[in-house]
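Chains as they are written, first to last, in full-length UniProt numbering: chain F, 1 to 226; chain G, 1 to 226; chain C, 1 to 226; chain X, 1 to 226.
Below: the structure, in C-alpha cells.
Protein chains: 4
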Amino acid sequence: MPRAVREQQMLDAAVRVFGQRGYMAASMDEIAELAGVSKPLVYLYLNSKDDLFTACIRREARALTEAVRAGVLPGLAPDGQLWSGLRAFFTHTARNPDAWRVLHLHARTHGERFAVEVAAMRAEIVAFVTQLIAAAARDAHRDPHLPAGEVAGLAEALVGAAESLADWAGATDGVTAKQAAATLMNFAWAGLGDLMTGRPWSPPEEPEPGPGEAAPVAQAAPIQTG
Amino acid sequence: MPRAVREQQMLDAAVRVFGQRGYMAASMDEIAELAGVSKPLVYLYLNSKDDLFTACIRREARALTEAVRAGVLPGLAPDGQLWSGLRAFFTHTARNPDAWRVLHLHARTHGERFAVEVAAMRAEIVAFVTQLIAAAARDAHRDPHLPAGEVAGLAEALVGAAESLADWAGATDGVTAKQAAATLMNFAWAGLGDLMTGRPWSPPEEPEPGPGEAAPVAQAAPIQTG
Amino acid sequence: MPRAVREQQMLDAAVRVFGQRGYMAASMDEIAELAGVSKPLVYLYLNSKDDLFTACIRREARALTEAVRAGVLPGLAPDGQLWSGLRAFFTHTARNPDAWRVLHLHARTHGERFAVEVAAMRAEIVAFVTQLIAAAARDAHRDPHLPAGEVAGLAEALVGAAESLADWAGATDGVTAKQAAATLMNFAWAGLGDLMTGRPWSPPEEPEPGPGEAAPVAQAAPIQTG
Amino acid sequence: MPRAVREQQMLDAAVRVFGQRGYMAASMDEIAELAGVSKPLVYLYLNSKDDLFTACIRREARALTEAVRAGVLPGLAPDGQLWSGLRAFFTHTARNPDAWRVLHLHARTHGERFAVEVAAMRAEIVAFVTQLIAAAARDAHRDPHLPAGEVAGLAEALVGAAESLADWAGATDGVTAKQAAATLMNFAWAGLGDLMTGRPWSPPEEPEPGPGEAAPVAQAAPIQTG
DNA sequence: GATGAATGAGTGTTCATTCAT
DNA sequence: CATGAATGAACACTCATTCAT
C-alpha cells in the first residue's frame, strides 16, 4: 500500500481519536490500532504525537477553508455571499464533527504551537468576512466609513457566533445546516432590533444546492471505551 | 490555618493551573506546589483530581452568573438590560481569564461529567437572554410572535457571539470590556444591515459604573514552565 | 475515660480490622475510627502500627491459651484431657474469628517479628500436647518408648489438624465446636485404620459443659467497605 | 527474547516476591527488578498486580496438583496410595517453598477473588482423599458405612494436618519429605491409640523412588531487604 | 517496509506518622 | 487529655518513544 494512502488513513484515525478524546487523553496506541497499523509505523511516517496533531490540524483547517471558499457563490451581493459561505461552513462542520472538535476545541487548548495553526485559518475566514462587511458598506454608500477597529470587532463577533452555532447545531438534534445559517443571517444582518419590528433578512434567489447538503448529518460512530 | 481558607487557596491555584494547562495536562503536583501545600492535603480536602476540577467549575460558574446577575440594571428596557449584563460579563471574564478558560474551554472538553456542570450555568444565561428577546418583542407589539425555536437559536447565537468576543477581548490588547459590549450590542441589536445605513444602536442613559470597571484588566502572570 | 479501657477498645477495633483486612491492608485511620478515637491518640497509647499489631497478637494469644488451659478438665485420662482441651480450643476460635485470623493467618505472614510471637503461643500448646502423648504412652506401658522426634512430629500433626479444622469449622455453616472436636479425636486417637474396622474413639463421661458452649457461634458483623 | 519465556521469568520472580512478602507488601518494582525487566513490560504481559497474583496462583496450584497426581502409585491399596501421594506432596512443597507460601498463606488472605482459586485446588485434593477413605472402608467391609459428613470432616482433618506438616517440615531443618509423610501416615492411619499399644502403620513395599526425592530441600536464597 | 519487544519518566493516589494547639 | 492540620515516601499504573530484526 502506497505511503500517501497509509498516511491519510493514519490522519483519519488520528482526527477521530483526537476529536473524541482530546490531545492529551488520546493515546498513540489507540490511533495506531484504529488506523490498522503498528505503532512504529505511525512514528516513521509522522514523527511524534505533536507532529501528528499538527498534521491533523493543518489538513482539517485546509479542508474547512476550502469547503467555505468553494461554497461562496461569486457575483452575489455581500449578504448573498455571506449566506452561501455560512451554509457551506455549517454543512462542513456538521459532516465532520471530529474535525471540528479538533479545530475549535482541542487545538486551542494545548499550547501556542497548535493554537497558531488554527489562528491562521481563523484569520483567513475573519479576513473574508471583513471584506464582505466593507463591501456592504461601500454598496450602501455609507459615509463616513466604519472605523477599521469596529469592523474587526464585528467580523470577530460574526465568526464567533458562527462557531458557537456550529457547536449548538452539532449538539442539537433536528437543526440542519440551512436552519443554522438562516438563524445567523437573521441575527447578524437584520439584527434583533429589526427582527422586533418584523423586518427579517431573507435569502437571495439562488440555484438549488447540491444534493448532499440537506442530507442527514454524518454522525461518526463513537469510539468504544474499554 | 483553618480548613476553609486553605480550600480556597487550593481552588485558586487549581483554577490557575487548569486554566493554563487544561484538565489532563495539569498535574496535582503543580497545583499543590502553587497552593503552597503538600499533595496529600489537596487529596484530604478535595478527594481527587476529578472532584477538584468539579469544585473549580462550580465555584467559577457561580461567580460568573452572580457577576452577571449583579450587573444587570433593573428597570431598563430590554436592550438596556442586555447592555448592562454584557458589560458585567465581559468585565468578569477579562478579570478572571483562567476561570474563563476553565469554564469555556477545558470543562467542555473532558467528559460529560464536567460538561453538564457548565451546561447548567450556560442554560441559565441563555434563559435570561431568551426572556429579554421575548420582552423586546412584546414591547414592540410584534405580531405575530417570533416562533419559540427561532428565539432559541437567536439566544444561542447571541450568547455564542458573546463567548467568542470574550476570548477575543482576552487575547487582544487594548480592547476593553466596554468596547466589546458595545460592539456586540451594535452587531446583535442593530444588525449589520442597519449599521450599513448608519443606524447604529446606542446605549441608554445610565449612572456611572463603578470605578473598577474601566481599570486595566488583571493579567495573571503566566506559570513558568520547567 | 481511663486509659486502660480506651486501650482495650483500641485493641478490639484493631483485632477486628486486622482480622478482616490483614496487616498491610489495614489502615490506622479505619482502626481509629472504629475505636471511636482520633488517630494521634492511638499513636500516643500504642506507638506504631507495628506495636499495635504486636499488642493484638499478644493479647489474643494469651486469651487463646488461657481459654484452652481453663477448658482442660484435670484428673482425666490423657484422651479425656485432650478432648476437653480441643473443645475449648474450637469454641474459642469460633467465638473470636477475627482474633483467630490474626493469629493463624496474618501474624505468620508479615515478618519474623510477628511470627515469633505466635510461635511462642503455639510452642506452649504443642508442649501440652506432647505431654499428653507421653503420658498416654506411659499409661499404656508402651515399651520401648516412642522416640522424642516422633512424638514431636505427632504433636505437630495433631495441632496442625486442629488449626485447619478450626478454619474449616469457621468457614462451614452448621459445624459446631463439639463436632469438630469429635471428628478430630476420632481421626487422631483411633486413626483411620481403626475407624475402618468400626472401632471409633468415644468421649469419656464428663459433667455438662457451660451453657455458652453450645450456643450459636458469635459472628462478628463484617466491616463495611467504602 | 520471546514472550512466553519472559512471562515465565516474570512468574518465577513474582512467586518469589509474593511468597516472601505477601500480596500487599510485594511491590511491582521489586518483581520487575528480580525478573530483570522493566515495570511496563510486566504490565504489558500480565495486566495488573491482581492478574499477576492470580496467574501465580493458577500456575502453582496446577503444578502442585499435577505433582501429587503424578506421585500417586496406582494399583496399591488405599493406604499405599495415600502414602505415595503424601510423599509427592511433601516433596513438592519442600522444593517450592515460596510457591507453597503463596498458595497456603497469602492467597487465602487477600480477598475472595484469590481464595476461590486456591479453594478449587484444595477441593480437588480433598476429593481425592475422600475417595481413598471411602475405598478403605469398602475394602474393610465396613458396615454400616461411615456417614458422608463424617468422611468430609476426616478428609479435611487429614489434608489440614498435611498442610500444617508441610509448613513445619519447611521450617524445621533436618525433616525430610519422607519423614513427614511417615509421621502423618502413622498419625492418621494407625491413630494415637494404636501407636500407644505398639501397633504402628508401616509402608507397603514399593520400587525405589527417584533420586531427587531424598536430596536436601532446595532453599531459595532470601531476598535482600533494602 | 514493517513490527515485536522493551523502557524512562511521569501520573494520580494512599498511608503511617507527627506537631502546634 | 485530645485533636485538627499537615507531610515524606512510596505504590500501582500509563504512555510516548525507540530499537533489533
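For each residue, glycine too, the CB sits at the ideal point set by N, CA and C.
Beta-carbon gap between residue i and residue j smaller than 8 Å
i, j, result
"V72(X)", "I125(X)", "no"
"L165(C)", "G160(X)", "yes"
"G170(X)", "A94(X)", "yes"
"R122(X)", "A177(X)", "no"
"I57(G)", "A107(G)", "yes"
"M1(C)", "Y45(C)", "no"
"L158(C)", "A188(C)", "yes"
"D139(C)", "P74(C)", "no"
"V17(X)", "L34(X)", "yes"
"A61(G)", "V118(G)", "yes"
"L132(C)", "H92(C)", "no"
"E66(F)", "H104(F)", "no"
"F90(F)", "F53(F)", "no"
"R6(C)", "V37(C)", "yes"
"M185(X)", "W168(X)", "no"
"K39(X)", "D51(X)", "no"
"A180(C)", "W83(C)", "no"
"T109(C)", "T109(X)", "yes"
"T183(X)", "E112(C)", "no"
Element boundaries [alpha helix (DSSP H), containing residue i]
i, result
"R108(G)", "No alpha helix (DSSP H) holds R108(G); DSSP gives it neither H nor E."
"G160(C)", "A148 to A171"
"M185(C)", "A177 to M185"
"P97(F)", "P97 to R101"
(request) For the stretch 15–30 of chain C, enumerate the residues whose C-beta is nearer than 7 Å to any C-beta of chain X, in chain order. (result) Along the stretch 15–30 of chain C, the positions whose C-beta sits under 7 Å from a C-beta of chain X are G22, M24 and A25, read in chain order.
(message) Ignoring anything shorter than 4 residues, give me the alpha helix (DSSP H) runs that lie fully in the stretch 14–82 of chain F, in order along the chain.
(response) Listed in chain order, they are 28–35, 39–46 and 49–71.
(request) Would you list, in chain order, the members of the stretch 79–99 of chain G that have their beta-carbon closer than 7 Å to a beta-carbon of chain F? (result) Listed in sequence order: no entries.
(request) Determine, using beta-carbon pairs with one atom in the stretch 16–32 of chain X and one in the stretch 20–29 of chain C, whether at least three such pairs fall under 8 Å. (result) At 8 Å Cβ cutoff, the stretches touch.
(request) Using a Cβ-Cβ cut-off of less than 8 Å, list which residues of the stretch 178–192 of chain C approach chain X; keep chain order. (result) For the stretch 178–192 of chain C, which is checked against every Cβ of chain X, the residues closer than 8 Å are Q179, A180, T183, L184, N186, F187, A188, W189, A190, G191 and L192.
(message) Closer than 8 Å is the cut-off here; do at least three beta carbon pairs connect the stretch 126–135 of chain C with the stretch 96–103 of chain C?
(response) Here the stretch 126–135 of chain C does not lie against the stretch 96–103 of chain C, with fewer than 3 beta-carbon pairs under 8 Å apart.
(message) Give me the subset of the stretch 160–178 of chain C whose CB atoms are less than 7 Å from a CB atom of chain X, sorted by chain position.
(response) For the stretch 160–178 of chain C, the beta-carbon criterion of a distance under 7 Å to any beta-carbon of chain X is satisfied by G160, A161, E163, S164, L165 and W168.
(request) Please list the residues of the stretch 109–132 of chain F that have a C-beta atom closer than 8 Å to any C-beta atom in chain G, keeping them in chain order. (result) Of all residues in the stretch 109–132 of chain F, T109 and H110 have a Cβ within less than 8 Å of some Cβ in chain G.
(message) Would the stretch 149–158 of chain F count as touching the stretch 148–158 of chain G if we require 3 or more Cβ pairs under 8 Å?
(response) When C-beta atoms of the stretch 149–158 of chain F are compared with those of the stretch 148–158 of chain G, fewer than three pairs fall below 8 Å, so the two segments do not count as touching.
(message) Please give the ranges of any alpha helix (DSSP H) in the stretch 117–146 of chain F, keeping only runs that are unbroken, at least 4 residues long and fully inside the region.
(response) Counting only runs of 4 or more, we get nothing.
(message) If the cut-off is 9 Å on Cβ atoms, which residues from the stretch 51–72 of chain F count as contacting chain G, listed in chain order?
(response) Per Cβ criterion, the list is empty.
(message) Closer than 8 Å between beta carbons: that is the criterion. Which residues of the stretch 145–159 of chain C meet it against chain X?
(response) The residues in question are L146, E150, G153, L154, E156, A157, L158 and V159.
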